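Numbering follows this note's numbering, in which position 52 of the sequence shown is assigned residue number 64; successive positions increment by one, without gaps. Quick reminder that beta carbons are idealized off the backbone N, C-alpha and C, glycines included. Here the structure is a predicted model, which is why all the values come from computation and not from measurement. For reference, the structure is listed below as structure tokens.
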Amino acid sequence: MKEEKATPEMGIILCSRCGEIIDTLDTEKVSVFYSLCNEPSCLEAADTKEEALA
Numbered sequence: 013m014k015e016e017k018a019t020p021e022m023g024i025i026l027c028s029r030c031g032e033i034i035d036t037l038d039t040e041k042v043s044v045f046y047s048l049c050n051e052p053s054c055l056e057a058a059d060t061k062e063e064a065l066a
């Protein structure tokens with residue numbers, strides 16, 4: 013029987029406001045993606061920024 017080796021997940025999704033790790037991804041190289049987490053303070057800050065840009 014073949015033994016499967018677990019490969020590390022080299023991609024990460026970080027909150028662009030607070031730096032919280034949102035998730036990890038199985039990628040071929042080290043990759044960092046940014047999004048917003050579900051913390052109210054991060055979502056409020058994003059809403060305020062969008063209103064200022066409008």
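Residue i in three-state terms, based on DSSP
{"i": "Cys54", "result": "helix"}
{"i": "Asp59", "result": "helix"}
{"i": "Thr19", "result": "coil"}
{"i": "Asp38", "result": "coil"}
Cβ neighbour criterion (16 or more within 10 Å) applied to residue i
{"i": "Cys3", "result": "Examination of residue 3 is not possible in this model, given that the chain is present from 13 through 66 alone."}
For residue i: DSSP bridge partner residues
{"i": "Val44", "result": "Ile24"}
Cut-off 6 Å between Cβ atoms - residues of its own chain near residue i, not counting five sequence neighbours on either side
{"i": "Ile25", "result": "Ile34, Asp35, Phe45 and Ser47"}
7 Å CB neighbourhood of residue i in its chain, flanking five on each side removed
{"i": "Lys5", "result": "With the chain running from 13 to 66 in the structure shown, residue 5 is simply not present."}
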